[in-house]
Every structure is written in structure tokens, then in C-alpha cells.
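Protein sequence lines, in the order shown, are assigned to chains B and Z. Here the first sequence is numbered in our numbering, starting from 832 and rising by one per residue. Here the second sequence is numbered in our numbering, starting from 832 and rising by one per residue.
Protein chains: 2
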Amino acid sequence: MYSEKVSSLLARKGIKIGDRIRLNARGSMFEGRLMPRPDAGSGDVIIIKLDNGYNVGIGMEGDAPVAIDKLQDSVITTSFSNASASRSAKNIAANSAKVELLYTGGTIGSKVDYVTGGVYMLTKPEELMYEVPELGSIASINVRHLMSVASEDISYREWQAIARNVADAFNCGARGVVITHGTDTMHYTSAALSFMLKDLKGPVVITGAQRSSDRGSSDGFMNLICSVHFAARGTIPEVGICMHGDTSDEYCNFIRGTKARKMHTSRRDAFRPVNSTPLARIGTDGSIAYSNDVTVQNNAKDIKDMKTTAKEAFEPKVALVKAHPDSDPDIIRYYSGKGYRGIIIEGTGLGHAPVSTPHKEYNWLENIKQAAGSGVVIGITSQCLYGRVDSSVYRNARLMADAGAVYCEDMLPEVAYVKLGFLLGNYGSEEAAKLLPVNIAGEITKRSEVDWFV
Amino acid sequence: MYSEKVSSLLARKGIKIGDRIRLNARGSMFEGRLMPRPDAGSGDVIIIKLDNGYNVGIGMEGDAPVAIDKLQDSVITTSFSNASASRSAKNIAANSAKVELLYTGGTIGSKVDYVTGGVYMLTKPEELMYEVPELGSIASINVRHLMSVASEDISYREWQAIARNVADAFNCGARGVVITHGTDTMHYTSAALSFMLKDLKGPVVITGAQRSSDRGSSDGFMNLICSVHFAARGTIPEVGICMHGDTSDEYCNFIRGTKARKMHTSRRDAFRPVNSTPLARIGTDGSIAYSNDVTVQNNAKDIKDMKTTAKEAFEPKVALVKAHPDSDPDIIRYYSGKGYRGIIIEGTGLGHAPVSTPHKEYNWLENIKQAAGSGVVIGITSQCLYGRVDSSVYRNARLMADAGAVYCEDMLPEVAYVKLGFLLGNYGSEEAAKLLPVNIAGEITKRSEVDWFV
Chain B
832 MYSEKVSSLL ARKGIKIGDR IRLNARGSMF EGRLMPRPDA GSGDVIIIKL
882 DNGYNVGIGM EGDAPVAIDK LQDSVITTSF SNASASRSAK NIAANSAKVE
932 LLYTGGTIGS KVDYVTGGVY MLTKPEELMY EVPELGSIAS INVRHLMSVA
982 SEDISYREWQ AIARNVADAF NCGARGVVIT HGTDTMHYTS AALSFMLKDL
1032 KGPVVITGAQ RSSDRGSSDG FMNLICSVHF AARGTIPEVG ICMHGDTSDE
1082 YCNFIRGTKA RKMHTSRRDA FRPVNSTPLA RIGTDGSIAY SNDVTVQNNA
1132 KDIKDMKTTA KEAFEPKVAL VKAHPDSDPD IIRYYSGKGY RGIIIEGTGL
1182 GHAPVSTPHK EYNWLENIKQ AAGSGVVIGI TSQCLYGRVD SSVYRNARLM
1232 ADAGAVYCED MLPEVAYVKL GFLLGNYGSE EAAKLLPVNI AGEITKRSEV
1282 DWFV
Chain Z
832 MYSEKVSSLL ARKGIKIGDR IRLNARGSMF EGRLMPRPDA GSGDVIIIKL
882 DNGYNVGIGM EGDAPVAIDK LQDSVITTSF SNASASRSAK NIAANSAKVE
932 LLYTGGTIGS KVDYVTGGVY MLTKPEELMY EVPELGSIAS INVRHLMSVA
982 SEDISYREWQ AIARNVADAF NCGARGVVIT HGTDTMHYTS AALSFMLKDL
1032 KGPVVITGAQ RSSDRGSSDG FMNLICSVHF AARGTIPEVG ICMHGDTSDE
1082 YCNFIRGTKA RKMHTSRRDA FRPVNSTPLA RIGTDGSIAY SNDVTVQNNA
1132 KDIKDMKTTA KEAFEPKVAL VKAHPDSDPD IIRYYSGKGY RGIIIEGTGL
1182 GHAPVSTPHK EYNWLENIKQ AAGSGVVIGI TSQCLYGRVD SSVYRNARLM
1232 ADAGAVYCED MLPEVAYVKL GFLLGNYGSE EAAKLLPVNI AGEITKRSEV
1282 DWFV
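Here it is, written out as C-alpha cells:
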């Protein structure tokens, strides 16, 4: 909301949010789209987004504009709704694919506060759409404001809500779904949705931003554009993460939801496939190149008659622990004692824990045996992340397998953790242990390729 | 030890272990080095290592050799000792650099048992030297058999023993030290030695193998050759890991001990620098190429008068825990209650834990505040591994820093864990918290370079 002074100036000129305007100020001409004003109480400032992606704020005092003109109406052609509004189609571009955009929060919906310098989260995701009006020419987009949560605060309850909404969207005619999400735990959510959603009618594309939207280096707009392209036309009916493929701003990767991992704290190309290749590469121009071995959507099947379902039961009493030098095996007993039904161990190398150490207090074997014996599902993954665990090479791993630990092939530790929560939510412990090392949603591959490494 | 039948045959021919022999059997000629026989009770078999790296076993029964001849004496020129033997110099190549080889166990000292198919560990590390006699032409090597432990079973007590022996070796005239070690926790040990050892007179080169020594694809011999080259002539007086740089068998990398990580369960080039580049590249021919920004040994300083010391005190009551969706913050209270003095949290993204979640049972903030308030040092790293944590960008991280958590820059979680154990072993908690985010042994860099990523 702009200040009264600015609002009345804009009203006189017939300028609305999103319109393209030209502004003569500070002895220069500024041309771009009028942005919404994020904070009401910080003075008389007009904010426009320049074509180079940067936002500038032009004050009404010292450097007041000597002229301000509207060049073009807002080109936003998308319809908006929020969680409480009806889902009735208000699409303007009637012939284009219907894409549901589920907004959950995160950096893609964050902005720098021009007064405090801090980052705050948008309360109205529609603001996001004002900044990328070109989305309207790609698809007919319905925005739903599900929640505004930083992804590190997301829990399985949010996964369930998202899964339900994705299923609803497909069953109400969406061709694809885009989910905007914080990047911190995006790969946990992508894994959860991969397991929970059945009979997808189209792609579920999770995207976000590593830099907030008013930084010149922001990746959010491009990620969103590539994601909507893929939701509208991509032929892989799976859950995946769509983020920058490298730092060139030329393409995004679509990475399988159970094979993706955030591998860098700040780079725009932080998301990488682990023990996999990207399933597709999407250019900013909408071009899509597919990897050789992906399931392409079965068009023979009558998608209209399919019903997407969300199998959302989840057991949160699953732990993820790391075995390492001097790690205390009592952690297994601690979680068993708290009623935990599953524990994923990030072992070393091929999936080892200290089990032949001469130092008794560090020996994990007895604790693993006791927990497994009492029905706790113990899964073994590797903290190496890349590669596959194997209980057949060294004695220590064979001892662990004999004690009842389940070796999880080439599954990422985080994915095994999410999968075990999903399995224990839907099945008994014995069945869950049986299904843990069996591929359900692309999380396990039979054979590793040589180029699946950093 | 060979069977009596084989032993007497070899004695008649004047053939000893390590000699080059030719054997006519099964209608073919086999030429190679005579290997020691690993297991006494498994029949009359002669084992020779062919020039292609494979071992073959020739039985004395059906396919008995029709001829066996010695071609050349063993070319092993190194001296051997074991932990109980005296350290007196028995070096044959008097002019070459003295390199101490500390044997601790692991795959590099393992072999497939020809009877059971399992992998077992050598009890006599000298056997390793028989297989790589060319080491003797690179340096004058003294082998010490410190222990035979799989690296997943190693604890801080083994780190202390290794550190003491490294210091002793330098103070007794070694130019460099090579440590053979299992690969699973090699990077934990390299970090521990980096912190424990002061005033190194030369390189401490940790090496091992991803494949056991009688597999054709074994990497151990080449890793050992490159490591001895670097210990004998390398000019970086630091602890580092020397393993395959890629899969070409052409060179090894020397990676700083506090910046290395095993990133693949089985590849020979599994070890990668994280938030760093390799310090040097060592060709199998002994060529050494240095990275641009390494400390080259100060030759002006009189190394002879220096004394290498091992600051070996270590506090094992430090935990390494991961924050993730639905992770239970009670884990902080659990470790505090057990008398743990430090906890390293592998946070998400820039170093976050769930601290603004609406689900109270998953909120980590109060537990962090309580533990930090009672003197437990809480360090924050990122499970992304690559990149740097930062408490200034998002509110959740600011809340955590305000609660007393220490942000650990671009330190790997495992390295922060080892460092905190080292600091708490040597300093009070306040001093340890102060030193945790300060560079001591190359574990923290001021600035990240663009190419420091996968």
C-alpha cells in the first residue's frame, strides 16, 4: 500500500500496480513496472522494477519525479484466489493449460524491507505475480495461498496439506501444479509428496528462490517461469524440483523429488541430483529437453478419468542419526524408549557403524539388535550421500544386517527418513521394513551410472 | 605362510617372498612377484601378482606347475619394523628422504580370502610393502604397525596414538609421514590430526584404498606411491588426504585435512575438497603441481631445531545432530543431561533449525537457549555441506544466534564436531566457544571461490 500522497498522484495519472510507467527523476529516465509498496509507514516512495531486474525506489521529496507517465497497462492475465476463495475458473487465457500455483512461503515470496534491511515474507502471494506478468502468457494460472512458512519450520502436517491440495487441483482440472517453497527443506517436501501422491495426472513442480526477489541476482522469477512452462507442457507425471541448473540464468533442471538435495547454502544452482541425472532441462524460452531414461506421460491412458489421490498418513516418530567416531550408541536406546518406530542411520562408507571397536561404550551392535528385535525399523544409509550402501563387503556391515538393520541401497538419508515415516504411517512395522529397500517412487535405482557424481 | 609342500619347493629353487618368478602351469606361462600366502590351512597353492595387478593362485594338484624359475631377487629395499621394534635406522637407500609409514588398518591392508571370498585384514603390514616394492626407490621407508582397525571403529583414542607417533617420527628425523587408514572415517582422522599436531616439519599424508589390494581395480598401490612421493618431497607441512583425483589412475590429490570429505561409497575418487581446492596434484611419476594458494614450507626456518608436538587432549562428550522437518529438539536436552559439553547442529540452508514453527513440540529455540545458557557450546553448520552458514539473513538464524548458538562459517559439520572435541579438551567452554568460529588449521576460509562446488 502506497502512502496517501503517492496513491493520489498515481490515481490522478490512472496508474495501477503492474502498469508499465516512465518516470523522470534525479535527472534520469526510469522505465519499468510499478511494484506494490511493501511497507506502509516508510515515507513517500514509488518503487519500480527496471528491465534489468533491479527495483529502485524514487522518493517524493528531494528527488521527486518531474514527470510520471503510464506507458502500458498491466499485462497480468492470471486469475487469483486464495485458500478461502472458491476454486471456480476465472482464467482469462481460456485456451492455455491450467496450472495451479500453490504458495507456501519461503524466499521466493520474500523481500528486503527498504527501511530495516531485513527480509520479510509477503502476506499476499499475488504480489509475486505482479512481478512476473509474463507467466500469464504461458498458462492460465490459479494462485492459492496455502501458508506462509519458512521451509525450516515445515513439518509433516504441512506436507499433508500440500499433498491434499495437489490432488484437489488435478481432480479439478489442473494440467500441472507448481508449488513455491522455501529452499532449506524443499528436498524433504519433494520426497514426501513423491511418496504421498498417487496417479498424478501431470507434473508437480516445486520451486523457490535462493535470493529474494528484489535482489538483482534473484533466481526466483526465472525458476518460476521454467516451472510454469514444465507444469503446463512437461510430460513427466512426477514430483520434482525445478531450480537453476547452473549460474548462467539460461536453464533450470527438473530433478526427481526423491533424488534431489540442496548441496550449497547460497548458490542459485544449489539443488543437485544425487545418484541420478536431472530428468529434464527447461530453458527460459520454454524449450524442454528430456533425459534418456524418464517415464514420459502415458497419453493412451485417459487422464480425465484418473483420480489423483493423496495417501497422507505419516508417522513422525522416526529419527535420523549419524554414526561417526565416538558417537554414542545409546541414541538408539533413547529413541526406542521414546516410542520411536523407526531410525535411519547415516553410516560411514558402504553403511557402517562402530560395531567391532575395542571400546565397548562406542559399540552400536547390541543397541541395533535390541531395537530391531523389539520392532523398531532400523534403516542404513551412507553419509557419503553419493553411491550405494552394501552389507556384503565388510564384516561390520554383515554383523549389522544380521542384527536386523535394513540396507537402503542408493537412497539418500533424508529420503529414507521421509520414506520410513510414510511407510510406518501406512503399514505395520514388518511390512514397512520389507518395503524400505524396495523402490516406490524413484528413490532407489538398480544400477548406478558412472557420471552420477559431483 | 605357505604349506610345507610349497615351502620346500620354493626353498629348493632358492625363491623367497617378493622374488620375480616364472611359472609354467595350466598350459600357460605366468610371470610376476611371489606373494605371501595369507591363510595357512587352505591347500598347496602358490600366489603370484601378475604385471596387470591381478593375483593368481596356482594349485600344486591337478594344474601343478611343470616348471618354476626365479627371474629376479626381490627389489624391496625398505626397512621394516613394528611398534615394538626399535626405531633405529635400517634404511638401505641412505641418501633418500626418510618417510615413516604408520599402518592403522583399513582396506589398503585387506585382501580377499581365496577360500571364503570375504575380505580380511593383514596382520603383517610388511605384506603391503611386498606388493609395492617400487616404494623403496622413492624413499627410505620405515613401517610401523600401529594397529589393525577398520576406520569405522576408530575413536579419539586412536587419533591420539596416531598423533603421538607422527610427532615422534618427525622428531626422530622423518622428512614426511604416510598414514594408511580405512577410508570410512579418514576425513575425521585428518581433521583430528590437523588440530592436534603443531609445528609439523613436513607433510602428514593420509591414504588408503577403496578396493582391496588383490582386485584389479585396486587404487591402494597408486595412492601409496603418490603419498610416499609427497611425504618425501612435498613442501606443504600440513595434514592432508592423498587419494585418487579422478578415475584415470593418473594422479592423486592432496586435500587439506580439514576440508576433505568422503563423498562416494565406492568410487576410487570418492574424496573431494569441500569449500576448498586440492592443495596439490601428484602424478604417479612423482610430479607435483601445487595450487596457487598454499603455504609452502618455510625452508629459511631451521627445521632440525623445530620440535613437532601433539596436543592430544580431547573431549569425547560432543554430539553431532541434524535439524530437519519433524526433528525432536529434545535431543539437545538429552545430550545436555548426559553431561555433554558441546553439540554441533547440522542445520538446513544457511544454518537454520525449526524455531518459528507453529508446532511447539518441534521448536528448537528454547532447548538451544537452555543448553547454551548452562554452558554447553552449540555450534551451527549446514547439512548442505557446500557453502557458508550466515546468521544475518533470516530471522530464524538471528533468533538462534541470540539464543547463544555459534555460527561456524564454512566449516564442514564433521570438522566442526572434531574441532569442538579438540577445543573442549584443551580449553574451558567459554574459550572453546570463542575459538570455534576462528580459523586454526585451515578449516575456515574467509572467502569462498566460485569454483568450490560440485
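Using N, Cα and C, we set each Cβ at its ideal position, and we do this for glycine too.
- CA-to-CA, the gap between Thr1011(B) and Val930(B) works out to about 13 Å.
- DSSP places Tyr934(Z) within a strand segment (E or B) once states are collapsed to three.
- Around the beta-carbon of Leu881(Z), fewer than 16 other beta-carbon atoms lie within 10 Å, marking it exposed.
- Counting the other Cβ atoms within 10 Å of the Cβ of Arg843(Z) gives fewer than 16, which makes it exposed.
- Per the C-alpha coordinates, the member of Lys1142(Z), Ser839(Z), Asp1282(Z), Gly888(Z) positioned closest to Asp1100(B) is Asp1282(Z).
- Inclusion of Thr935(Z) and Asn1106(Z) in the CB contact set at 8 Å is not warranted, their separation being larger than that value.
- For Asp999(B), the closest C-alpha among the options Leu1243(B), Gly849(B), Thr1140(B) is that of Thr1140(B).
- Nearest in C-alpha terms to Ser839(Z), of all of Ser859(Z), Leu1255(Z), Ile899(Z), is Ile899(Z).
- When C-beta atoms of the segment 1241-1261 of chain B are compared with those of the segment 1135-1155 of chain B, three or more pairs fall below 8 Å, so the two segments count as touching.
- Contacts between Thr1089(B) and chain Z, judged by CB atoms closer than 8 Å, are missing: the closest CB pair is about 15 Å apart.
- Under the three-pair Cβ rule at 8 Å, the segment 1213-1225 of chain B counts as touching the segment 1179-1195 of chain B.
- When the five nearest sequence neighbours on each side are left out, the beta carbons in the same chain lying within less than 7 Å of the beta carbon of Asp1080(B) are those of Met1053, in order along the chain.
- By the Cβ neighbour-count rule, Cys1003(B) is exposed, with fewer than 16 other Cβ atoms within 10 Å of its own.
- If one requires a minimum length of 3 residues, the beta strand (DSSP E) runs lying completely within the segment 1059-1083 of chain Z are 1070-1075, in chain order.
- Annotation note: the segment 998-1064 of chain Z contains the following uninterrupted beta strand (DSSP E) runs of length 3 or greater, listed N- to C-terminal: 1007-1011, 1035-1038.
- Counting other Cβ atoms within 10 Å of its Cβ, Ser1043(Z) reaches 16 or more and is therefore classed as buried.
- Here Val1224(B) carries a coil assignment [DSSP, helix/strand/coil].
- Leu966(B) and Ser1158(Z) have their C-alpha atoms some 37 Å from each other.
- Within chain Z, Pro1156 have C-beta atoms less than 7 Å from the C-beta of Ile985(B), given in sequence order.
- In this structure, Gly1039(B) lies near Ile939(B), with their beta-carbon atoms less than 8 Å apart.
- At least 8 Å separates the CB of Thr1140(Z) from every CB of chain B.
- Taking 8 Å as the threshold, the shortest C-beta distance from Cys1083(B) to chain Z does not fall below it.
- Around Phe1284(Z), the beta-carbon contacts reaching into chain B at under 7 Å are His1095, Arg1098.
- Interface flag for Cys1057(Z) against chain B is unset, since no Cβ pair is found closer than 8 Å.
- Contacts with chain Z at 8 Å (Cβ-Cβ) include His1183(B).
- Taking the C-beta atoms as reference points, Ile1174(Z) is found no nearer than 8 Å to Val1220(Z).
- The shortest CA-to-CA distance from Asp984(B) to any of Met1242(Z), Lys1250(Z), Thr1188(Z) is the one to Thr1188(Z).
- Interface residue (Cβ-Cβ distance to chain Z less than 8 Å): Asp1015(B) is classified as such.
- Within chain B, Met1094, His1095, Thr1096, Ser1097, Arg1098, Ala1101 have C-beta atoms less than 9 Å from the C-beta of Gly1218(Z), given in sequence order.
- The three-state reading of DSSP puts Pro1244(Z) in helix, counting H, G and I together.
- For Pro1147(Z), the closest Cβ of chain B is nearer than 8 Å.
- Rounded to the nearest angstrom, the gap between the Cα atoms of Val1224(B) and Ser1058(Z) is 26 Å.
- Setting aside the 5 residues that flank it on each side, Ile1067(B) is surrounded in the same chain by Pro1034, Leu1110, Val1125, each with a C-beta closer than 6 Å to its C-beta; the list follows chain order.
- In the structure shown, the three-state DSSP call for Pro1156(Z) is coil.
- Residues of chain B whose Cβ lies closer than 8 Å to the Cβ of Leu1110(Z) do not exist; the shortest such Cβ separation is about 18 Å.
- Per DSSP, the continuous alpha helix (DSSP H) segment holding Glu1261(Z) begins and ends at 1260-1266.
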